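Residue 116 is where the sequence shown starts when you use this note's numbering, and the numbers rise one by one after that.
Just so you know, even glycine gets a beta-carbon here, dropped at the ideal spot from N, CA and C.
In this text, all values refer to a predicted model and were calculated from it rather than measured experimentally.
The structure under discussion appears below in the form of structure tokens.
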Amino acid sequence: MKNNYIEMMEKRRSIYVIGKNVEQSEEALLNTITDAIKHSPSAFNSQTSRAVILFNEHHHKLWAIVEEKLRAIVPVDRFTATEEKLATFSAGFASILFFEDQDIIKQFQDQFSLYTDQFPIWSEQATGIAQHSVWTALAQEGIGASLQHYNPLIDQAVKDEWQIPDTWKLTAQMPFGSIEAAPGEKEFMADSERIIVFN
Ligand SMILES: Cc1cc2nc3c(=O)[nH]c(=O)nc-3n(C[C@H](O)[C@H](O)[C@H](O)COP(=O)(O)O)c2cc1C
116 MKNNYIEMME
126 KRRSIYVIGK
136 NVEQSEEALL
146 NTITDAIKHS
156 PSAFNSQTSR
166 AVILFNEHHH
176 KLWAIVEEKL
186 RAIVPVDRFT
196 ATEEKLATFS
206 AGFASILFFE
216 DQDIIKQFQD
226 QFSLYTDQFP
236 IWSEQATGIA
246 QHSVWTALAQ
256 EGIGASLQHY
266 NPLIDQAVKD
276 EWQIPDTWKL
286 TAQMPFGSIE
296 AAPGEKEFMA
306 DSERIIVFN
């Protein structure tokens, strides 16, 4: 019998066709996201991960910011494709902004100088774990999500729009919503090329 958690992991996929047909309340989703981040591990239990959850017009504003920033750098003849892609994110129900608090990293570096070089790396690992936890938890609710990286292009505009603390560094954006199209088959390399065992 397959481990329950593995089954949950298999349910998480990158879902790009998302909509607003979400049954859960904003509060219920917020609780799921909060708990997933809360129970994600971090180096020395430093709890560096932060999130901002954008619903309604805030969600749409995020993708308008991304569009504005990309318009300045994407060639005009390729911008239609960019606009179409961003519209698929905006079509979702909400977005999560993931951050890592650089101030906490600094505090831990000061306290444990032996690991000065490691704390920023561990912080990046922590945000990845938090993102995966949230993504997997949402999948159990039948909610589809994808992971996007328009940072650092949008960092300042995001900080200005939602008055984000200066020490919070944006690490990822996760638009989510109802699953409007199933993801394609996923290819896997041979386990034997990834896992070495001695017994
Ligand atoms: C660290 C990391 C960065 C990623 N960045 C992006 C991204 O910027 N845009 C995107 O559409 N997907 C991104 N993805 C999603 C991967 O492409 C996706 O997880 C992978 O192809 C496996 O597909 P699955 O999520 O359906 O299992 C990222 C995934 C990871 C783990």
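Which residues DSSP lists as bridging residue i, in chain order
| i | result |
| --- | --- |
| K284 | E215 |
| H260 | The residue asked about is misnamed: residue 260 is Ala in this sequence, not His. DSSP lists S129 and F291 as partners of A260. |
| A166 | F213 |
| G243 | BP columns for G243 are empty, so no partner. |
| G134 | S293 |
Candidates the options, of which the one nearest residue i by Cα
| i | options | result |
| --- | --- | --- |
| S129 | W250, Y120, S205 and S157 | W250 |
| G259 | Y120, G134, K117 and F214 | G134 |
| S140 | H264, N171 and K117 | N171 |
| K176 | N314, I294, P298 and P290 | P290 |
| P298 | K117, T242, S261 and P190 | S261 |
Beta-carbon contacts of residue i that lie in its chain and below 8 angstroms, excluding the five residues immediately before and after
| i | result |
| --- | --- |
| F303 | none |
| Q248 | First, the amino acid is wrong: residue 248 is Ser here, not Gln. Counting only Cβ-Cβ distances below 8 angstroms, and skipping sequence neighbours, we find A151, I152, H154 and S155. |
Integer-rounded CB distance, given that residue j should sit under 8 angstroms from residue i
| i | j | result |
| --- | --- | --- |
| L201 | L169 | Incorrect: roughly 14 angstroms between the Cβ atoms, too far for contact. |
| K126 | Q255 | 7 angstroms |
| T282 | D216 | 6 angstroms |
Cut-off 6 angstroms between Cβ atoms - residues of its own chain near residue i, not counting five sequence neighbours on either side
| i | result |
| --- | --- |
| T147 | A252 |
| A158 | W237 |
| F208 | K135, V137 and G292 |
Residues near residue i in its chain [Cβ-Cβ closer than 7 angstroms; skip 5 each side]
| i | result |
| --- | --- |
| V273 | I180, L212, I279 and L285 |
| P235 | I220 |
Meets three-Cβ-pair contact criterion under 8 angstroms: the stretch 254-273 and the stretch 173-191: yes
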